[in-house]
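Enquirer:
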Amino acid sequence: MNAVGKVLLGLLLFNGITAAGGGIALMTGVIPEEPSWIEHTDFSSLFLPGVILLALVGGSALFAATVMLKRSAGWQAASILSGWIMVVWIVAEIASIRGVHVLQVVYLVTGAAVIWCTPATPTSPTTPRGASEKIG
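When we follow the numbering used here, the leftmost residue of the sequence shown carries the number 104, and every step to the right adds one.
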């Protein structure tokens, strides 16, 4: 796997593991509930946002990392989709809580970096973005 492939895999694992952990923390109350976080939403608690963070945001990144490692057909689509899910999640979170935290900036950047680092054309994970031949 080349350097870009390793960075992409690292980003997917980072996003997946930390989103899953954050989802579990929201669902179990490890992260204390701030009323302002759900004040402008239809959620009555942080449990459902935790489920979404765990299953959709974290799950999509971990799925993308898995199919990338297995070199499954369509791994690029899974990777790009997980990056977009992260970006949309963070933008929606910022809009709903009406505030910005440094971690939101970090995850916005990592979501965008996943999209950027994923090759647009079907290749193996060892081919850098824009390259037409296999390097590895």
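Note that the Cβ used here is the ideal one computed from N, Cα and C, for glycine as well.
1) Is it buried or exposed, residue 177, if we count other Cβ atoms within 10 angstroms and call 16 or more buried?
2) Could you give the C-beta distance for residue 136 and residue 148, rounded to a whole number, given that I count them as a contact under 8 Å?
3) Please classify residue 125 as buried or exposed, where buried requires at least 16 neighbouring CB atoms within 10 angstroms.
4) Using the three-state DSSP reduction, which class does residue 146 fall into: helix, strand or coil?
5) Taking the C-alpha atoms as reference points, what is the distance between residue 140 and residue 187?
6) With 16 other CB atoms within 10 Å as the buried threshold, where does residue 142 fall?
7) Would DSSP call residue 159 helix, strand or coil?
8) If you compare alpha carbons, which of 160, 157, 180, 107 is closest to residue 224?
Expert: On the basis of the coordinates in this document:
1) Walking along the sequence shown from the start, residue 177 turns up at place 74. Counting Cβ neighbours within 10 Å, residue 177 comes out exposed, since fewer than 16 surround it.
2) Your numbering for residue 136 matches position 33 in the sequence shown. Your numbering for residue 148 matches position 45 in the sequence shown. About 7 Å separates the two Cβ atoms, so the contact holds.
3) Counted from its first residue, the sequence shown places residue 125 at position 22. For residue 125, the number of other beta carbons within 10 angstroms of its own is at least 16, and it is reported as buried.
4) Along the sequence shown, read from residue 1 onward, the residue named residue 146 stands at position 43. Residue 146: coil per DSSP, three-state reduction.
5) Looking up residue 140 in the sequence shown gives position 37. Looking up residue 187 in the sequence shown gives position 84. For residue 140 and residue 187, the distance between alpha carbons rounds to 22 Å.
6) To locate residue 142, count along the sequence shown from 1; it is residue 39. Under this definition residue 142 is an exposed residue.
7) Here residue 159 corresponds to residue number 56 of the sequence shown, with the count starting at 1. In this structure, residue 159 counts as helix in the three-state DSSP scheme.
8) Residue mapping note: residue 224 aligns to position 121 of the sequence shown, counting from 1. Nearest option by C-alpha distance: 180.
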